[in-house]
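Numbering (our numbering), first residue to last: 122 to 293.
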């Protein structure tokens, strides 16, 4: 499978570390992995030493859309902070190039960027703690506006640990 990993930058933070670990693991499992980022950094050397190509791309949505089209991924794995950020151009790029199956990893377990819901198919969490934090935050903020969200959102948002909304209502 061709996997395109997308993240804002390659600095030494936790999001970047998680992206590298996912990329290595997918490559070790014989997937074709490529990393696309908006900003170069020290983690690039780590990725390239493992044979993973890295492309630093402009933060222009049309340029990113063309780069995604050219790479023809089977799935896009985005690493985002869960709040508005520079990488929000990914949503704009996907509107231009068409929807691609997208898995989002958010090391913080935060859902403070509603724009991401339009382009995120599934969410993976780096730990059980992160998943539980995300579930708690989602239930608190979403039960109040439950009628505004489609029913599938709750299960797809927590794909790594499928939980239904009735669990949220009883537990919190």
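C-beta: ideal position from N, C-alpha, C; glycine also. This structure is a prediction, so every number in the text was calculated from the model and none was measured.
Straight-line Cα distance separating residue j from residue i
i, j, result
"residue 153", "residue 123", "5 Å"
"residue 224", "residue 206", "18 Å"
"residue 167", "residue 150", "18 Å"
"residue 212", "residue 127", "12 Å"
"residue 138", "residue 227", "12 Å"
"residue 193", "residue 155", "11 Å"
"residue 241", "residue 148", "22 Å"
"residue 135", "residue 204", "15 Å"
"residue 255", "residue 171", "31 Å"
"residue 236", "residue 209", "8 Å"
"residue 232", "residue 244", "11 Å"
"residue 179", "residue 189", "12 Å"
Residue i, DSSP secondary structure in three states
i, result
"residue 146", "helix"
"residue 204", "coil"
"residue 233", "coil"
"residue 138", "helix"
"residue 266", "Residue placement at residue 266 is poorly supported in this model, since its pLDDT is 46, which falls under 50; the coordinates are not used for a value here."
"residue 191", "helix"
"residue 131", "coil"
Endpoints, alpha helix (DSSP H) assigned at residue i
i, result
"residue 218", "210-218"
"residue 166", "164-170"
Sequence-distant residues of the same chain with beta carbon closer than 6 Å to residue i, five excluded per side
i, result
"residue 196", "124 and 222"
"residue 164", "131, 137 and 141"
Status (buried if at least 16 other CB within 10 Å, exposed otherwise) for residue i
i, result
"residue 159", "buried"
"residue 173", "buried"
"residue 191", "exposed"
"residue 202", "buried"
"residue 239", "exposed"
Beta-carbon proximity list for residue i, same chain, < 7 Å, skipping 5 on both sides
i, result
"residue 186", "214, 217 and 218"
"residue 183", "217"
Residues near residue i by beta carbon distance below 8 Å, same chain, minus five either side
i, result
"residue 133", "162, 163 and 164"
Any C-beta of chain D under 7 Å from that of residue i
i, result
"residue 194", "The structure shown contains no chain D, having only a single protein chain."
Element boundaries [beta strand (DSSP E), containing residue i]
i, result
"residue 158", "153-160"
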